[in-house]
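Note that my numbering numbers the sequence shown so that position 87 is 603, with each residue one more than the last. We put the CB at the ideal spot given by N, CA and C, even for glycine. All values derive from a computational prediction rather than experimental measurement. Here's the structure we're looking at; comments come further down.
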Amino acid sequence: MSTQSADQKTGTDQKKRKPLLTIVVGLIFLILVAGGVFLYAGWLGYQEAPKLVEEGVPDIGALEMYDLAPAQETLLGDYGYPEAFTILFYEEEAVDASLQDVRLETWQYYTQGVGFTFINGELTAEDPIDMEDTPVLDPLPYTPEQFSAYMTLDQVLASAGLDTYVEIPLEKEFLEDADLYYGEALTFGMVDGELRYVEALALTTVE
Numbered sequence: 517m518s519t520q521s522a523d524q525k526t527g528t529d530q531k532k533r534k535p536l537l538t539i540v541v542g543l544i545f546l547i548l549v550a551g552g553v554f555l556y557a558g559w560l561g562y563q564e565a566p567k568l569v570e571e572g573v574p575d576i577g578a579l580e581m582y583d584l585a586p587a588q589e590t591l592l593g594d595y596g597y598p599e600a601f602t603i604l605f606y607e608e609e610a611v612d613a614s615l616q617d618v619r620l621e622t623w624q625y626y627t628q629g630v631g632f633t634f635i636n637g638e639l640t641a642e643d644p645i646d647m648e649d650t651p652v653l654d655p656l657p658y659t660p661e662q663f664s665a666y667m668t669l670d671q672v673l674a675s676a677g678l679d680t681y682v683e684i685p686l687e688k689e690f691l692e693d694a695d696l697y698y699g700e701a702l703t704f705g706m707v708d709g710e711l712r713y714v715e716a717l718a719l720t721t722v723e
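Here's what the structure looks like:
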């Protein structure tokens with residue numbers, strides 16, 4: 517996580533956060549469920565208030581980018597930027613009972629048949645991606661360092677350059693104060709107005 521994102525949090529902000537990993541995992545599950553409903557049942561069939569928002573990209577000044585770790589920089593040199601990626605932000609209890617921020621990332625390289633997992637910038641897994649045919653993909657318009665933990669909606673929109681998106685508030689029975697957003701090749705989830713999950717989707721070239 518960038519230094520700026522961590523230092524800007526006050527004690528009040530800490531109280532706002534839901535530190536339990538189960539809450540964030542629940543958000544990911546709901547993103548998948550909501551995504552299925554979004555695709556097959558349509559926006560209006562899922563909840564009363566989904567809406568398409570079309571507005572200019574927020575002008576909030578310069579944003580500090582997340583600093584990639586040495587292992588990630590090395591991977592960029594070997595493979596280039598990922599063709600798709602997901603980032604999960606959560607907090608877990610450390611040995612001294614304090615809460616520590618965790619940034620869990622997966623970078624996918626479909627054309628090269630491999631994916632990589634990082635926890636706080638440290639490479640923890642390398643897994644093959646099995647595909648029948650090698651896809652032809654367009655360059656992804658997003659990079660992992662554009663997104664930091666607990667960004668506001670305006671910060672996400674400004675960083676990603678999104679001026680059109682779909683917003684789907686989740687029912688309180690599932691997860692309180694949580695919203696899902698769908699933009700061009702991008703899905704992200706907010707809890708209590710803070711970024712908790714990002715998924716950048718691979719773009720297939722249309723011939």
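Residue closest to residue i, alpha-carbon to alpha-carbon, out of the options
{"i": "Asp575", "options": "Ala718, Ala676, Ala701, Tyr681", "result": "Ala676"}
{"i": "Leu711", "options": "Val618, Pro598, Glu589", "result": "Val618"}
{"i": "Tyr656", "options": "Pro598, Thr590, Thr633, Asp693", "result": "Note that residue 656 is Leu in the sequence shown here, rather than Tyr. It is Pro598 whose Cα lies nearest to the Cα of Leu656."}
{"i": "Ala600", "options": "Leu639, Glu621, Tyr582", "result": "Glu621"}
{"i": "Glu571", "options": "Leu702, Leu678, Pro685, Glu700", "result": "Leu678"}
C-beta contact flag for residue i and residue j at 7 Å
{"i": "Glu683", "j": "Tyr697", "result": "yes"}
{"i": "Leu584", "j": "Glu661", "result": "yes"}
{"i": "Ala694", "j": "Phe605", "result": "no"}
{"i": "Tyr681", "j": "Val569", "result": "yes"}
{"i": "Gln588", "j": "Gly637", "result": "yes"}
Straight-line Cα distance separating residue j from residue i
{"i": "Ser614", "j": "Glu607", "result": "10 Å"}
{"i": "Pro586", "j": "Leu592", "result": "10 Å"}
{"i": "Ala718", "j": "Ala610", "result": "35 Å"}
{"i": "Asp649", "j": "Tyr626", "result": "10 Å"}
{"i": "Val652", "j": "Thr720", "result": "6 Å"}
{"i": "Gly552", "j": "Tyr595", "result": "At Gly552, the pLDDT of 47 sits below 50, so the modelled position is not reliable; the number obtained from the coordinates is stated separately. Distance between the alpha carbons of Gly552 and Tyr595: 31 Å."}
{"i": "Gln530", "j": "Glu700", "result": "A caution first: Gln530 carries a pLDDT of 45, below 50, which makes its placement in the model unreliable, though a value can still be read off. So the alpha carbons of these two residues sit roughly 31 Å apart."}
{"i": "Leu639", "j": "Val630", "result": "13 Å"}
{"i": "Thr703", "j": "Ile635", "result": "20 Å"}
{"i": "Asp685", "j": "Val707", "result": "A small correction: the amino acid at residue 685 is Pro; Asp does not occupy that position in the sequence shown. Taking the straight line joining both Cα atoms gives about 10 Å."}
Expected contact under 8 Å - CB spacing of residue i and residue j to nearest Å
{"i": "Gln624", "j": "Ile603", "result": "Actually they are not in contact, since the Cβ atoms of Gln624 and Ile603 sit about 12 Å apart, beyond 8 Å."}
{"i": "Gly709", "j": "Leu669", "result": "7 Å"}
What are the start and end residues of each continuous alpha helix (DSSP H) run of 4 or more residues lying completely inside the region 562–642, in chain order? 586–595
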